[in-house]
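Trainee: Start counting the sequence shown at 490; every next residue gets the next number (the numbering used here).
Just so it is clear, CB atoms sit at the ideal spot from N, CA and C, and this is done for glycine as well.
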Amino acid sequence: MSFSKISWAILAVVSVASLYAYTVAPADMLLPMHWDVYGEADGEMNAKMVLLLFPAVMGGILLLLGLLKYIDPRQENLKKSDAARQWTILALTLFLSSLALNNVAMVLGYEFLSYRGILFASMLMVVVIGNYLPKTRSNFFIGIKTPWTLSSEDNWKKTHRLGGQMFMIFGSLGIVATILLPDQILLGALLGLVIAPIIIVPVAYSWYLWRSEIN
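1) For residue 636, which three-state DSSP category applies?
2) Pull up the CB-CB distance for residue 626 and residue 570, whole angstroms please, since I reckon it's below 8 Å.
3) Helix, strand or coil, according to DSSP, for residue 670 in the structure here?
4) Who are the Cβ neighbours of residue 521 in its own chain at under 6 Å, not counting the five residues just before and after it?
5) By alpha-carbon positions, which one of 666, 687, 688 ends up nearest to residue 678?
6) In the DSSP assignment, the alpha helix (DSSP H) including residue 571 goes from what residue to what residue?
7) Taking the alpha-carbon positions, what's the residue 598 to residue 543 distance?
8) Given a threshold of 16 other Cβ atoms within 10 Å of its Cβ, counted over all protein chains shown, does residue 549 qualify as buried or as exposed?
9) Check the DSSP bridge columns for residue 533 and list the partner residues they point to.
10) With H, G and I counted as helix, E and B as strand and the rest as coil, what does DSSP make of residue 515?
11) Going by beta carbon distance, what residues of the same chain come within less than 6 Å of residue 503, once the five residues before and after it are set aside?
12) Does the beta-carbon of residue 619 have 16 or more other beta-carbons within 10 angstroms, so that it is buried, or is it exposed?
13) Just the Cα atoms here: how many angstroms apart are residue 596 and residue 664?
14) Among residues of its own chain, excluding the 5 on either side of residue 592, which ones have a beta-carbon nearer than 8 Å to its beta-carbon?
15) State buried or exposed for residue 652, treating a residue as buried only when at least 16 other CB atoms are found within 10 Å of its CB.
16) Taking Cβ positions, are residue 686 and residue 655 nearer each other than 8 Å?
17) By DSSP, does residue 648 sit in helix, in strand, or in coil?
18) Between residue 499 and the rest of its own chain, which residues show a CB-CB distance below 8 Å, the 5 nearest in sequence each way excluded?
19) What whole-angstrom Cβ distance do residue 670 and residue 526 have, given they're in contact under 8 Å?
20) Write down the C-beta distance between residue 492 and residue 578 rounded to the nearest angstrom, noting that I regard them as a contact closer than 8 Å.
21) Could you have a look at residue 600 and say whether DSSP puts it in helix, strand or coil?
22) If I measure Cβ to Cβ from residue 555 and keep anything under 7 Å in the same chain, skipping five residues before and after, which residues do I get?
Listed below in structure tokens is the structure:
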């Protein structure tokens with residue numbers, strides 16, 4: 490069974506659980522949806538809306554990722570990147586389903602995924618995606634898409650090799666940080682020391698390679 494089919498099966502389970510929780514959730518119940526840099530919840534949404542929102546978002550993402558191989562102008566390259574696409578689908582599905590099921594649990598009076606747990610899961614997803622970034626080929630939907638990577642296969646390969654290494658190394662450091670750092674500085678540390686570098690450095694490297702080629 491492909492990861493796409495597994496992801497749809499997970500979505501079905503999440504949808505059934507969410508619909509059940511929807512039927513028992515009080516009309517005025519609120520669930521946390523946003524946290525400040527100190528780890529304190531500072532934004533809430535109606536529980537019934539949240540319970541419907543997550544399965545809908547998951548379904549939309551799965552549908553889009555499933556259609557990519559039919560609508561990308563570089564279909565052959567995307568076929569060569571299918572392992573990365575499949576793992577991306579599964580990683581996103583597992584991450585979003587953990588959030589969705591945590592919402593269900595909170596409606597039922599439990600909670601298994603804390604603020605710290607959400608960040609841990611996020612960093613784990615970064616590591617998984619990083620492992621497969623170097624295996625992608627130039628396409629318009631999956632990977633580090635800059636004007637320079639899209640215009641050169643060599644630029645794409647080198648940028649994604651570096652990006653994959655950075656995702657895995659910094660994602661692993663992020664996992665350690667979610668275990669060791671206090672809530673008050675955890676999110677800021679992850680944004681500044683993990684997320685910013687894995688976004689900025691590969692993009693800058695892609696530009697550098699392009700400049701080197703034309704000079």
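Mentor: On the basis of the supplied data:
1) helix
2) 5 Å
3) coil
4) 530, 533
5) 666
6) 571-596
7) 19 Å
8) exposed
9) 521
10) coil
11) 544, 586, 589
12) buried
13) 28 Å
14) 507, 510, 520, 536, 539, 540, 543
15) buried
16) yes
17) helix
18) 582, 583, 586
19) No, residue 670 and residue 526 are not in contact; Cβ-Cβ is about 12 Å, not under 8 Å.
20) 6 Å
21) coil
22) 493
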